[in-house]
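Reviewing the structure listed below.
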Amino acid sequence: MSSVKQRPILGGCFTVEGRLSRFNISCGENQSMLVLGVENVVERGNIVARRWIVGLFGFVLIVGISLCMRPMQAASPLQPVLGVTGLPPLPTELELTPLKVLETGPTDFKLPAATLMAQSGPHQVTVLADPTNYGDRFTTDIYGQAVQNQFIAVLHETVGSAQSAINLFRTPHPRDEDQVSYHTLIGRDGTVYYIVPPEKRAFGAGNSVFNGPNGPETVRTNPDFPPSVNNFAYHVSLETPGDGINNRRHHSGYTQAQYDSLAWLLAQTTIPDSRITTHQAVDRSGTRIDPRSFDSQRFFSLLRHYPTRAGLPG
Ligand SMILES: [Zn+2]
Numbered sequence: 006m007s008s009v010k011q012r013p014i015l016g017g018c019f020t021v022e023g024r025l026s027r028f029n030i031s032c033g034e035n036q037s038m039l040v041l042g043v044e045n046v047v048e049r050g051n052i053v054a055r056r057w058i059v060g061l062f063g064f065v066l067i068v069g070i071s072l073c074m075r076p077m078q079a080a081s082p083l084q085p086v087l088g089v090t091g092l093p094p095l096p097t098e099l100e101l102t103p104l105k106v107l108e109t110g111p112t113d114f115k116l117p118a119a120t121l122m123a124q125s126g127p128h129q130v131t132v133l134a135d136p137t138n139y140g141d142r143f144t145t146d147i148y149g150q151a152v153q154n155q156f157i158a159v160l161h162e163t164v165g166s167a168q169s170a171i172n173l174f175r176t177p178h179p180r181d182e183d184q185v186s187y188h189t190l191i192g193r194d195g196t197v198y199y200i201v202p203p204e205k206r207a208f209g210a211g212n213s214v215f216n217g218p219n220g221p222e223t224v225r226t227n228p229d230f231p232p233s234v235n236n237f238a239y240h241v242s243l244e245t246p247g248d249g250i251n252n253r254r255h256h257s258g259y260t261q262a263q264y265d266s267l268a269w270l271l272a273q274t275t276i277p278d279s280r281i282t283t284h285q286a287v288d289r290s291g292t293r294i295d296p297r298s299f300d301s302q303r304f305f306s307l308l309r310h311y312p313t314r315a316g317l318p319g
């Protein structure tokens, strides 16, 4: 009763604020009836208040649970990375112009010594993959968490020929599970093929984790697939020798031209030695063993000859 306000109305009758007005208690009625009516109304008021409190509590609970569960749901669209530094850029058209000069000879092109000197680095070709086979790098994962991994370089081998790999990447693959690519491929003769622009995410290592100096690193950008290193990886593949086009654990290895080109390519990056890894090392599917027969000592000794590597951490 104490919580119910009562006030006189015209004619000396009583009513109670709010919902009680519908009781319409009029003058002259039995006082006990009036009290009973008021008690009933107060009781109903309490029930309504309790229902409101329970409802409000439920609402707060649902909102709280929703907020807690938020990381499990797809967040707002992932934000693409617009540009990168520290990775080899695609060569400009000028750099890719064949450095061949027509000489007086009737049938063939020759490379004058001066032109050869002008070409820095190995022979380079841009053969971009079909856009279905690569995607954006993202600044957030599917949970909406910011991701700021430094780049890693992941080394692979083609198993087939360079040409068959390039043909595969240039073929549109609408289904997510069929999409594959590397950023760069190095042929047996040392030719560097640029396949995916460095600012884009190549699909080189599906289910993968990089166990680096900062602990395990992996990023989930697709709710339908396990997390992977692709969001922060620069994928480079070496063309497999003829005796390696099988699933044996070893083959005759890579050419000197391939090691030279690989060192030249990665010398242009800011990726430290400790973040240069292999597909086998990052793979979590238990099925990848590439690049087989890779001589990492031989590669790193070439890489460290580049002055650009001097200031990088090991
Ligand atoms: Zn691989």
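Residues in the sequence shown are numbered consecutively from 6, following our numbering.
For glycine and all other residues, C-beta sits at the position ideal for the given N, C-alpha and C.
Heavy atom of ligand 1 within 7 Å of residue i beta-carbon
| i | result |
| --- | --- |
| G60 | no |
| D265 | no |
| D295 | yes |
| F161 | Note that residue 161 is His in the sequence shown, not Phe. For ligand 1, at least one heavy atom lies less than 7 Å from the Cβ of H161. |
| G165 | no |
| G291 | no |
| G209 | yes |
| H188 | no |
Minimum C-alpha distance to residue i - residue among the options
| i | options | result |
| --- | --- | --- |
| R193 | S242, P203, S233, A286 | S242 |
| L190 | L270, G249, T226 | L270 |
| V164 | P312, R314, H284, L133 | H284 |
| P296 | S257, N227, V234, T131 | S257 |
| S233 | I276, F143, D248, H255 | F143 |
| Q153 | V224, G291, G249 | V224 |
Whole-angstrom distance between residue j and residue i, CA atom to CA atom
| i | j | result |
| --- | --- | --- |
| L61 | R55 | 10 Å |
| G217 | S279 | 7 Å |
| S186 | A167 | 12 Å |
| A79 | R303 | For A79, the pLDDT reaches just 46, beneath the cut-off of 50, and the residue's location in the model is therefore unreliable, leaving the point undetermined. |
| T176 | D135 | 6 Å |
| M74 | Y239 | Here M74 scores only 47 on pLDDT, less than 50, and its place in the model is too uncertain to base an answer on. |
| I171 | P246 | 16 Å |
| L99 | F174 | Confidence in L99 is poor, its pLDDT being 49 and thus under 50, which makes the residue's placement too unreliable to answer from. |
| L101 | S266 | Because L101 carries a pLDDT of 48, less than 50, the predicted location of this residue cannot be relied on, and the following value inherits that uncertainty. Their backbone Cα atoms lie some 16 Å apart in a straight line. |
| Y311 | E222 | 28 Å |
| Q273 | G211 | 26 Å |
| Q84 | N227 | 13 Å |
| R180 | D300 | 35 Å |
| G149 | S298 | 40 Å |
Cβ-Cβ distance between residue i and residue j below 8 Å
| i | j | result |
| --- | --- | --- |
| G195 | P127 | yes |
| V159 | G209 | yes |
| V201 | H188 | yes |
| F215 | I157 | yes |
| T91 | I276 | Here residue 91 turns out to be Gly, not Thr, going by the sequence shown. Yes, Cβ-Cβ distance for G91 and I276 is below 8 Å. |
**Report entry** At least three beta-carbon pairs within less than 8 Å, the segment 132–144 to the segment 200–211
**Finding:** yes
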